[in-house]
Amino acid sequence: MGKLQVVDLRNGHHDFWDMLAGREGGDQLVETMPEKQEVEGHSRRQRLRVFSDLSFKSSRHEDKQQTHLLQWAKDREGFLHLCCEKLEIGALGVSKVKKVLKLLQPEFIKELELNTVGNLSKLTKLVPCISKMRNLQKLMLVRIFGRHTYTPLEERNVTKILSLFPKLSYLQHLTIDDVYFLRDHMNELFR
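For the sequence shown, the working numbering assigns the number 4 to the initial residue and increments by one for each residue that follows.
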């Protein structure tokens, strides 16, 4: 058996941290992939890919296992890729969301739910991160609040957000639920 290349923690109730400590846990799906990655300034070397779906609904109800996984991945950034196909983000600060997204490989994200992200300016700050998710297939925008009249800055923010959609060439499923600023811009959204 060759070196471990992929660890898949999705859709399971695995106690990953018990397994790392040598205690009994659930099963885990392991597969090998022949693709090699370039490590900065080093010879070609394979990186371990760790797959996990992540959900950050609120900072009050933080999942300790996800927090440990992120720290573990951060500590091993040069040796592994943290890959997430399904990512849910709730009422978190933009800086925390950006820190999480920085650890992930954006090309692996296929489903993104932004739920109660807050206001228009917070969502606008995430546009550069979302635009890197070139394989995004499903996007859910839920409960993004604000006034029904726009300042010039808010109009520019709406334009920036709308400019994101043509870049998401694999997007197949779009859910918009209680997103105030899109009501007046549906024609622009579906161009």
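All C-beta atoms, glycine included, are put in the ideal place defined by N, C-alpha and C.
For S58, the residue or residues it bridges with in DSSP: For the purposes of this step, residue 58 is identified with residue 55 of the sequence shown, where counting begins at 1. When DSSP reads this structure, S58 sits in a beta bridge with E91.
Supposed close pair I164, V130 - CB separation, criterion 8 angstroms: Counting from one through the sequence shown, the residue named residue 164 turns up at place 161. Counting from one through the sequence shown, the residue named residue 130 turns up at place 127. At roughly 6 angstroms, the Cβ-Cβ gap stays under 8 angstroms, so I164 and V130 are in contact.
Rounded Cβ spacing between E88 and K113 (contact assumed at less than 8 angstroms): Within the sequence shown, numbered from 1, the residue matching residue 88 stands at position 85. Within the sequence shown, numbered from 1, the residue matching residue 113 stands at position 110. That belief holds up - the Cβ atoms of E88 and K113 are roughly 5 angstroms apart, short of 8 angstroms.
N190, enclosing alpha helix (DSSP H) - first and last residue: What you label residue 190 is simply residue 187 of the sequence shown in a count that begins at 1. Taken as a continuous stretch (DSSP letters only), the alpha helix (DSSP H) holding N190 covers M189 to L192.
Per DSSP, cross-strand counterpart(s) of D180: Translated into the one-based positions of the sequence shown, residue 180 becomes position 177. Answer is V145, bridged to D180.
Closest Cα partner of C132 within the set I147, L83 and L115: Residue mapping note: residue 132 aligns to position 129 of the sequence shown, counting from 1. If we check each option's Cα against that of C132, L115 comes out closest.
Reduced DSSP category for T152 - H, G, I as helix; E, B as strand; rest coil: Sequence index remark: in the sequence shown, residue 152 carries index 149 (1-based). It is coil, neither helix nor strand.
Which of helix, strand or coil DSSP assigns to Q175: In the sequence shown, the residue the question calls residue 175 occupies position 172. Note: Q175 maps to coil in three-state DSSP.
Which residues DSSP lists as bridging L83, in chain order: Position 80 of the sequence shown, counted from the start, is the residue given in the question as residue 83. For L83, which the question treats as bridged, DSSP gives the partners L51.
For N118: DSSP bridge partner residues: In the sequence shown, the residue the question calls residue 118 occupies position 115. DSSP, once it has assigned bridges, lists V145 as partnering N118.
Nearest residue (CA-CA) to T70, options L106, N118 and S124: Numbered from 1 along the sequence shown, position 67 holds the residue referred to as residue 70. The shortest Cα separation from T70 among L106, N118 and S124 belongs to L106.
Selection from M143, L177, M189 and H188 that minimises the alpha carbon distance to E91: Your numbering for residue 91 matches position 88 in the sequence shown. Here the closest residue by C-alpha is M143.
Residue from V161, F193 and R186 with nearest C-alpha to H176: Here residue 176 refers to the residue found at position 173 when the sequence shown is read from its first residue. The option with the nearest alpha carbon to H176 is F193.
N-terminal and C-terminal residue of the beta strand (DSSP E) that D78 is part of: Taking the sequence shown and counting its residues from 1, the one referred to as residue 78 is at position 75. Premise fails: D78 lies in the alpha helix (DSSP H), K67 to D78, not in any beta strand (DSSP E).
Length of the line joining the Cα atoms of V181 and E157: Working through the sequence shown from its first residue, we reach residue 181 at position 178. Working through the sequence shown from its first residue, we reach residue 157 at position 154. According to the sequence shown, residue 181 is Asp rather than Val. So the alpha carbons of these two residues sit roughly 17 angstroms apart.
Contact under 9 angstroms by Cβ, T119 with N160: Residue mapping note: residue 119 aligns to position 116 of the sequence shown, counting from 1. Residue mapping note: residue 160 aligns to position 157 of the sequence shown, counting from 1. Not closer than 9 angstroms, so no.
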